[in-house]
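So in my numbering, the last spot in the sequence shown is 686, and the numbers never skip.
Glycine is no exception: its CB is placed at the ideal position from the N, C-alpha and C atoms.
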Amino acid sequence: YNIPQDKPCFIYVGSGFERKGLAAAISAIANTSSILLVVGSDKNQRKYEQLATQLGCRQRIFFLGMQKKTLDFYQIADALLLPTLYDPFPNVILEALSCG
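What follows is the structure in structure tokens.
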């Protein structure tokens, strides 16, 4: 995927981008030099790609689609970014914690 490793890297994992707050994640990194890995899919992905383009950070956001093996992506990332609007106990937190 040619993900730069010289900048802070955040990972967002999940489907249902609106409920999981992907727009907030994109906005949060827009004025930084950080990388955002988006692991998951959504039928409205194009909308989020356009938001990233409008905010000038599209080249730093990697939409990776659904991945059966996420460990490598968690290990690349410096931190999990999970601005979810509602999720009682997201499994992604356990996954991220288990990766260190």
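Given residue i, which residues of its chain have a CB within under 8 Å of its CB, disregarding the five upstream and five downstream residues?
i      : result
Val678 : Val599, Gly600, Leu666 and Leu668
Asn630 : Phe603 and Glu604
Go through its chain and collect everything with a Cβ distance to residue i's Cβ below 7 Å, but skip five positions before and after it.
i      : result
Ile641 : It should be noted that the sequence gives Leu, not Ile, for residue 641. For Leu641, where only same-chain residues beyond five positions count, the Cβ hits under 7 Å are Ile612, Ser613 and Ala616.
Ile647 : Ile612, Leu622, Val624 and Ala638
Exposed or buried, which one is residue i when buried takes at least 16 other CB atoms within 10 Å?
i      : result
Lys606 : buried
In whole angstroms, give me the CA-to-CA distance for residue i and residue j.
i      : j      : result
Met652 : Thr670 : 18 Å
Glu635 : Arg644 : 7 Å
Ser627 : Ser684 : 23 Å
Ile597 : Leu680 : 14 Å
Asp658 : Ala609 : 24 Å
Thr618 : Pro590 : 14 Å
Ala663 : Phe675 : 21 Å
Cys595 : Gln661 : 10 Å
Asn588 : Leu650 : 12 Å
Lys655 : Ala682 : 13 Å
Please determine whether the Cβ atom of residue i lies at a distance below 7 Å from any heavy atom of the ligand ZN.
i      : result
Ala616 : Of ligands this structure carries none, so the ligand ZN is not represented either.
Q: Note down, one range per segment and in chain order, each alpha helix (DSSP H) of at least 4 residues found wholly within the stretch 601-639.
A: For the alpha helix (DSSP H) assignment, the uninterrupted runs of no fewer than 4 residues enclosed by the stretch 601-639 are, from N- to C-terminal side, 603-606 and 608-616.
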